[in-house]
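There are 2 protein chains.
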Amino acid sequence: MNNCPLPIIDYNKIQIGHGGGGKLTNQLIEKLFLPEFRNSFLETRHDGAVIDFGNLKLAFTTDSYVIRPIFFPGGNIGTLAVNGTVNDLAMCGAKPLYLSVGFILEEGFPLEALYQVVQSMGKAARFAHVEIVTGDTKVVDKGKGDGIFINTAGIGVVESGVEISPKRVVSGDVVLLSGDIGRHGIAIMAVREGLDFETEIESDCAPVSDLTLDLLEKGVEVHALRDLTRGGLATALLEIAETSSSQIRIEEEAVPVREEVQGACEILGLDPLYVANEGRFAVFLPENHAQRALEIFHSYPLGKDACAIGRVVSSGARGMVTAKSQLGTNRILDFLSGEQLPRIC
Amino acid sequence: MNNCPLPIIDYNKIQIGHGGGGKLTNQLIEKLFLPEFRNSFLETRHDGAVIDFGNLKLAFTTDSYVIRPIFFPGGNIGTLAVNGTVNDLAMCGAKPLYLSVGFILEEGFPLEALYQVVQSMGKAARFAHVEIVTGDTKVVDKGKGDGIFINTAGIGVVESGVEISPKRVVSGDVVLLSGDIGRHGIAIMAVREGLDFETEIESDCAPVSDLTLDLLEKGVEVHALRDLTRGGLATALLEIAETSSSQIRIEEEAVPVREEVQGACEILGLDPLYVANEGRFAVFLPENHAQRALEIFHSYPLGKDACAIGRVVSSGARGMVTAKSQLGTNRILDFLSGEQLPRIC
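These protein sequence lines are chains A and B, in that order.
Each residue of the first sequence is one higher than the one before, starting from 1 at the first, in this note's numbering.
Each residue of the second sequence is one higher than the one before, starting from 346 at the first, in this note's numbering.
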């Protein structure tokens with residue numbers, strides 16, 4: 001049946017880290033998926049595929065959501081499943097339009113909880129101007145799932161003539177960040193660990209497509225967009241650096257992190273640069289477009305804390321990301337082996 | 346948070362039957378999903394949504410696959426995940442083009458098995474002329490999943506000008522069946538129950554889009570198509586009868602069932618009309634197109650046993666399906682409460 005030997009991979013069994021978006025996930029993608037599914041769409045290593053249908057350019061993307069706990073301050077697995085896929089479409093420069101939804105439910109899961117999740121999905125879809133047009137429900141026996149897993153796939157239209165892709169990133173590009181980081185990951189961890197903060201930390205889970213579309217409609221030249229989900233800001237920058245063979249330098253001081261998130265990170269031993277977000281993204285664009293872009297960001301509540309955090313300092317080299325600390329020292333950021341927070345999305 | 350009370354539903358916890366495609370699944374769809382996601386696409390109750398993009402008509406569909414065991418005679422969960430979604434697109438009259446894939450893996454799942462599944466998906470995709478263009482991998486902790494779950498979503502182009510939809514079914518339509526039924530379900534049950542038949546029963550898992558597209562290209566007027574997956578032929582006919590408010594009468598004798606499948610059904614206490622298939626479908630079409638359609642069917646190995654099994658005897662009534670047995674008696678078919686075979690796809 002299986003004629004080819006298993007490609008050389010560090011482990012012979014799936015590890016939690018294979019789902020973390022870091023080194024192990026990349027190994028799976030590069031050694032297992034790409035060689036078997038090989039096509040030009042997958043090779044762009046983008047958040048979704050952008051497909052030409054004659055005059056029409058569509059973006060197509062998918063994500064499964066396995067987050068624990070399923071309810072958290074600022075949202076639930078349903079909000080996340082809608083916004084996550086909406087945002088992946090937004091990162092392709094697309095206007096999100098249609099979603100599919102696949103539920104995998106565990107026998108015994110309370111209908112009341114399903115109803116809350118479904119209501120949140122309906123609300124999130126209306127808020128993001130998308131329709132859930134097709135779906136599927138499967139049930140697995142008790143002990144063979146974990147309450148509820150949700151997959152969403154999405155279709156959007158790329159209306160601007162511009163190609164948005166990590167490959168377009170060049171030396172001199174400015175890196176903008178859409179707001180403060182780390183709130184989604186910390187909100188989840190606080191619930192998991194039963195931590196009680198003075199101020200409740202809410203997930204930043206939100207759809208960002210109104211903002212990205214406005215940037216494009218107003219003529220801002222955008223080279224690449226990347227949302228800061230699994231693996232956080234650091235992983236997103238590393239992926240862009242690798243795909244575009246460029247070196248990125250950021251100022252850690254410029255990255256907004258709320259005081260309570262910073263405090264929680266210290267207690268939990270986490271690096272905020274690697275903590276997941278669900279409503280935050282980075283923009284790579286030419287310096288002469290940065291000011292205009294920031295003005296647009298600041299006109300949205302979602303983008304009120306947007307700022308420049310660094311730039312692309314060279315291209316055509318091995319991908320690298322360095323962060324200059326408040327003390328003036330530079331550290332080289334690297335992919336985590338797995339994910340500091342499993343099942344965060 | 347949740348302002349509306351839970352709609353009245355027979356159970357307050359998810360039952361295995363909620364995933365069976367029968368009465369309980371319909372209750373979830375009608376009472377929970379449709380009211381929250383309401384839009385015209387979902388209301389067609391089709392295998393996928395058909396969406397207009399100016400001149401372009403696209404079909405969009407999704408399914409999750411949670412089958413046990415993941416390897417079976419004639420295929421594995423990967424073959425199924427590709428062919429199942431390809432076939433859902435085919436049932437919309439579409440030419441399948443692009444798939445997304447979402448893996449939910451359980452910690453400890455052997456890489457070797459994943460590799461076999463991924464190889465099968467690549468092979469099945471090439472065989473069905475589709476490309477897997479975007480994907481996602483999540484890992485859940487040991488004991489919180491069941492090895493591997495796969496979601497695929499698919500996009501296809503509807504090239505014919507004709508609308509294919511259960512709503513177009515009218516009195517006088519002939520019902521064609523593409524081949525013998527029950528092999529997929531029995532192949533799975535044989536492995537699960539450790540049954541040993543003289544001849545190994547192989548799943549009928551296959552892509553049917555070449556055949557459906559050929560019917561359309563050759564000008565056969567097709568009113569509706571439906572694949573015979575969860576709940577088998579009976580459930581498919583019942584869904585069409587209900588959506589089109591029509592009464593369907595079939596001759597049980599005309600339905601091809603292989604001898605070994607019939608035998609296994611008797612041993613296992615199953616009704617072949619309700620056993621799942623993964624490469625079989627029914628066509629509803631005007632009587633004067635039936636002969637031409639059967640000629641086309643018979644020119645494909647996949648359609649060599651195709652035959653007429655009944656017709657639509659009235660419309661505008663309450664949906665009903667009756668089967669005339671070999672003894673000449675009529676029985677009324679009804680939705681099963683759940684599924685006689687859980688986790689069959």
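Beta carbons are placed, not taken as given, at the ideal position from N, Cα and C, and that holds for glycine.
Residue nearest to Arg656 (chain B) within the set B:Gly366, B:Leu434, B:Ser516 is B:Ser516 (criterion: CA-CA distance).
By the 16-neighbour rule on beta-carbons within 10 angstroms, Pro687 (chain B) is buried. At a C-beta separation below 7 Å, Leu373 (chain B) has these neighbours in chain A: Thr137. Chain-order list of chain B residues neighbouring Glu106 (chain A): Ile359, by C-beta distance under 8 Å. Residue burial annotation: Ile612 (chain B) is exposed, with fewer than 16 other C-beta atoms found within 10 angstroms of its C-beta.
Between Glu278 (chain A) and His184 (chain A), the gap from beta carbon to beta carbon is short of 8 Å.
In the DSSP assignment, no residue is bridged to Tyr274 (chain A). By the neighbour-count definition (other C-beta atoms within 10 Å, threshold 16), Gly564 (chain B) is an exposed residue. In the DSSP assignment, Ile267 (chain A) falls within the unbroken alpha helix (DSSP H) covering 259-268.
Here Gln607 (chain B) is exposed: its Cβ has fewer than 16 other Cβ atoms, across all protein chains shown, within 10 Å. Against Gly364 (chain B), the close residues of chain A are Leu105, Thr137, Lys138, Val139, Val140, in the order they occur along the chain (beta-carbon pairs closer than 8 Å).
Taking the CA atoms as reference points, Ala206 (chain A) sits about 47 Å from Ser660 (chain B).
Annotation: Met320 (chain A) is outside any alpha helix (DSSP H); the continuous beta strand (DSSP E) that includes it extends over 320-324. Here Lys487 (chain B) carries a coil assignment [DSSP, helix/strand/coil].
Collapsing the DSSP output to three states places Ser178 (chain A) in coil. Out of B:Leu401, B:Phe494, B:Pro418, B:Lys468, the CA that lies nearest to the CA of Glu504 (chain B) is found in B:Leu401. Contact annotation: Ile181 (chain A) and Gly232 (chain A) have beta-carbon atoms nearer than 8 Å.
Judged by DSSP secondary structure, Gly154 (chain A) falls within the beta strand (DSSP E) whose first and last residues are 148-157.
Counting only Cβ-Cβ distances below 8 Å, Thr406 (chain B) has contacts in chain A at Ser100, Thr134, in chain order.
Three or more Cβ pairs drawn from the region 551-560 of chain B and the region 631-642 of chain B lie within less than 8 Å of each other, which places the two stretches in contact.
DSSP places Lys402 (chain B) in the uninterrupted beta strand (DSSP E) bounded by 401-410. By the rule that beta-carbons nearer than 8 Å mark a contact, Glu538 (chain B) does not touch chain A. Distance from the CA atom of Leu89 (chain A) to the CA atom of Glu598 (chain B), rounded to whole angstroms, is 51 Å. Here DSSP, grouped into helix, strand and coil, assigns Asp173 (chain A) to coil. Taken through DSSP and simplified to helix, strand or coil, Asn12 (chain A) comes out as coil. Sorting B:Lys649, B:Thr588, B:Ile412 by C-alpha distance to the C-alpha of Leu387 (chain B) places B:Thr588 at the top. The straight-line gap separating the alpha-carbon atoms of Val462 (chain B) and Gly122 (chain A) is approximately 34 Å. Distance from the CA of Arg575 (chain B) to the CA of Leu24 (chain A), rounded to the nearest whole angstrom, comes to 36 Å.
With a 10 Å radius around the Cβ and a threshold of 16 neighbouring Cβ atoms, Lys142 (chain A) comes out exposed. Gln636 (chain B) is outside the set of residues whose beta carbon lies under 8 Å from a beta carbon in chain A. For Leu459 (chain B), the uninterrupted alpha helix (DSSP H) run begins and ends at 456-472, by DSSP. The beta-bridge partner set that DSSP reports for Cys652 (chain B) consists of B:Leu522.
Residue pairing by DSSP places Glu251 (chain A) opposite A:Lys324 in a beta bridge. Against chain A, a Cβ distance below 8 Å from Thr370 (chain B) picks out Thr137. The count of Cβ pairs closer than 8 Å, one atom from the region 436-456 of chain B and one from the region 379-399 of chain B, reaches three, so the stretches are in contact. Ranked by Cα distance from Asp650 (chain B), the options B:Leu672, B:Leu351, B:Gly524 are led by B:Gly524.
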